Amino acid sequence: MEKHKKGTVSELLAMVFFKKNEYIVSKPISDFNEYDLIIDNGSLWRVQVKTVYWDNSKHRYLISLVTSHIRGKGRKPNKKYTQKSFDVLCAVCEPENAIYVIPIKEIIGRRSITLYPTDKPKTVSKIHKDFEHWRLQ
C-alpha cells in the first residue's frame, strides 16, 4: 500500500509542476492505462509519472521502467514500455524536489534508469546514461 501512496504523491507533484508551467492537466478516469496524465500546451502529451527511489544496495537513485499486469493465478509479469505506451516520462524525486521530463524514445528497451538529483559524478558510467539534462526542476 505504501507504494501506491508514494505514487499518488508523485502524480500530484507532477500535476502541480505542469500547472505552474501553464499546461492544462487532465487525469484519465481509469487507472488501467500506461500513462497517468494528459498535458496540453497546444499539443497533447500522454505522461507516465514515476517515483524516483533510493536503492540502498546500489547507492543511487533509480526509476523502474517496467509495468506489471496481473494475469491468471495472480502472476505479475513485467513488461517494458514501448513507443506507443506514452509520450513523456515524468520522474519525480520528492526528497530532492527534482522533476525530470524525458521523452519515451530516450528510455525504450530499458528496465530502469539511474538519476543524480543530488550530486552527479564527474563521469557517468557508460552503462548509466546521463539523464540530468532532462531535469526541469
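Those letters in the sequence shown? Residues 1410 to 1546, by the working numbering. Idealized CB from N, CA, C, for every residue including glycine. Only a predicted model underlies this, so the values are computations on that prediction, with no experimental measurement involved.
| query | Can you give the beta carbon distance from V1501 to V1456, rounded, assuming they're within the 8 Å contact cut? | reply | Taking the sequence shown and counting its residues from 1, the one referred to as residue 1501 is at position 92. Taking the sequence shown and counting its residues from 1, the one referred to as residue 1456 is at position 47. 11 Å between Cβ atoms; not a contact.
| said: Once the 5 residues before and after K1529 are set aside, which same chain residues still bring their CB inside 7 Å of it? | reply: The sequence position of residue 1529 within the sequence shown is 120, counting from 1. Excluding positions up to five away in sequence, the list reads E1541.
| field | Contained beta strand (DSSP E) runs [length at least 3] in the segment 1487 to 1512, N- to C-terminal order | value | With a minimum length of 3 residues, the continuous beta strand (DSSP E) runs that stay inside the segment 1487 to 1512 are 1487 to 1489, 1497 to 1502 and 1507 to 1512.
| said: Using 8 Å for Cβ pairs, my map puts D1445 next to E1411. What's the rounded Cβ distance? | reply: Numbered from its first residue, the sequence shown carries residue 1445 at position 36. Numbered from its first residue, the sequence shown carries residue 1411 at position 2. Not a contact, Cβ separation roughly 18 Å.
| request: Excluding the 5 residues preceding and the 5 following Q1546 in the sequence, name in chain order all residues of the same chain whose CB lies nearer than 8 Å to its CB. | output: Working through the sequence shown from its first residue, we reach residue 1546 at position 137. For Q1546, where only same-chain residues beyond five positions count, the Cβ hits under 8 Å are F1426, N1506, A1507 and I1508.
| task | Label S1406 either buried or exposed according to how many other C-beta atoms from any shown protein chain fall within 10 Å of its C-beta, with 16 as the threshold for buried. | result | Nothing about residue 1406 can be read from this structure; the chain reaches only from 1410 to 1546.
| Close-in-space but distant-in-sequence residues of the same chain around A1423 (CB under 8 Å, 5 per side omitted) | Here residue 1423 refers to the residue found at position 14 of the sequence shown. Cβ-Cβ distances below 8 Å link A1423 to D1445, L1446, V1456, V1458, C1499, V1501 and I1508 in the same chain, with the five nearest sequence neighbours on each side left out; the list follows chain order.
| Comparing alpha-carbon positions, which option in I1517, W1454, G1518 and V1510 lies nearest L1524? | The residue labelled residue 1524 in the question sits at position 115 within the sequence shown. Among I1517, W1454, G1518 and V1510, the Cα nearest to that of L1524 belongs to V1510.
| field | Alpha carbon of T1575 to alpha carbon of N1450, nearest angstrom | value | Residue 1575 cannot be examined here, being either before or after the span of the chain that is shown, 1410 to 1546.
| Span of the beta strand (DSSP E) around V1456 | As a position in the sequence shown, residue 1456 is number 47, starting the count at 1. First-last of the beta strand (DSSP E) with V1456: L1453 to T1460.
| said: Let me check understanding here. Comparing Cα to Cα, which of K1489, D1464 and W1454 lies closest to V1434? | reply: For this step, residue 1434 is matched to residue 25 along the sequence shown. Nearest C-alpha to V1434: W1454.
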